[in-house]
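Residue numbers (full-length UniProt numbering): 1 to 341. For every residue, glycine included, the Cβ atom is placed at its ideal position computed from N, Cα and C. First up is the structure itself, then whatever we jot down about it.
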């Protein structure tokens, strides 16, 4: 038995058995199964518009049939080289491939082989490159949304496009916004290929806006129409005060828990100055003062009509202690003024 074999152990072996004057000889071939060698002689046979044709020769399969090939591409970039797989895997019995390319790129290629043991190292990169003509972008950025945490601003963010989607020189973003109900759009150009944010000074607190973000280059705007998204400008401190805050006498104080009730506020009140997120019960020990304040957040995720009775509790209170309690409304970033204690 040959143990702990290495690739260099591959070859023919003979085994000779001798008993007295008798002997017998058997031969065998050792093949060490391992990932295939890289494909050889990779060539770019043609480049036409946004398509290229490649061919190659198989490397050694190394004891396991090649199941498929992976064609990779990279843009000729002086700053970085990142390789991407084409979506389609090429059957192991083929040695040519037609690949579709994006506009406005200088493309390099390489090929890898795969068998049931593993994947080969990449092939050598052929010297011939493919240059594709420019075009308008084919898409607009995704995940367009507003942020409400910067006072005095309408903040618009988006997921920037990858270089492969620029499709031409002079790539930028066109940001459009308007107050809900307005017909006229405001617009601004945001340069910087990987820009992902735009800020516009506004005066209205938590105003409703419609927004768009378009991709643009020297050839024009994206082929895809831009969606209209809804969002809001900045939040501020709520000006809503909770009424009727008191101990819930139907649920007596327990050893470490106090129960309260109050009138539910109108969550759509403009004085909320943001998106209503619930309440916070703020409390502190009588003899320690407000510097020892703690709070319990009570989220409200469903619509409840204003004026109905609302209940909340505070647990884990130390025994035999006196406390002061207040309740405030909360939007996404700020608390409102406190109720009566």
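- For residue 330, the enclosing beta strand (DSSP E) starts and ends at 323–330.
- Distance check between residue 156 and each of 275, 332, 143 places 143 closest, using alpha-carbon atoms only.
- Annotation for residue 228: no beta strand (DSSP E) segment contains it, and DSSP assigns it neither H nor E.
- DSSP, reduced to helix, strand and coil, places residue 143 within a strand of the structure shown.
- Residue 123 is classed as buried because its beta carbon has at least 16 other beta carbons within 10 Å across all chains shown.
- The alpha carbon of residue 130 has as its nearest neighbour, out of 321, 106, 257, 71, the alpha carbon of 106.
- A contact between stretches requires three or more CB pairs, one per stretch, nearer than 8 Å, and the region 252–270 meets this requirement with the region 234–244.
- A straight line joining the alpha-carbon of residue 213 with that of residue 338 spans about 40 Å.
- Rounded to whole angstroms, the gap between the alpha carbons of residue 163 and residue 331 is 38 Å.
- With respect to residue 71, residue 86 sits close: the two C-beta atoms are nearer than 7 Å.
- Closest by C-alpha distance to residue 280, out of 290, 254, 300, is 300.
- Rounded to the nearest angstrom, the gap between the Cα atoms of residue 43 and residue 181 is 59 Å.
- Within the same chain, Cβ atoms closer than 7 Å to the Cβ of residue 316 are found at 256, the five residues on either side in sequence being excluded.
- Following the DSSP letters along the chain, one finds residue 178 inside the beta strand (DSSP E) bounded by residues 172–179.
- Fully enclosed beta strand (DSSP E) runs of no fewer than 3 residues occupy 258–263, 278–285, 294–299, 309–314 of the region 247–326, in order along the chain.
- The three-state secondary structure of residue 54, taken from DSSP, is strand.
- Measuring C-alpha to C-alpha distances from residue 168 to each of 216, 211, 26 identifies 216 as the nearest.
- At the C-beta level, residue 118 and residue 35 come within 7 Å of one another.
- Following the DSSP letters along the chain, one finds residue 131 inside the beta strand (DSSP E) bounded by residues 130–132.
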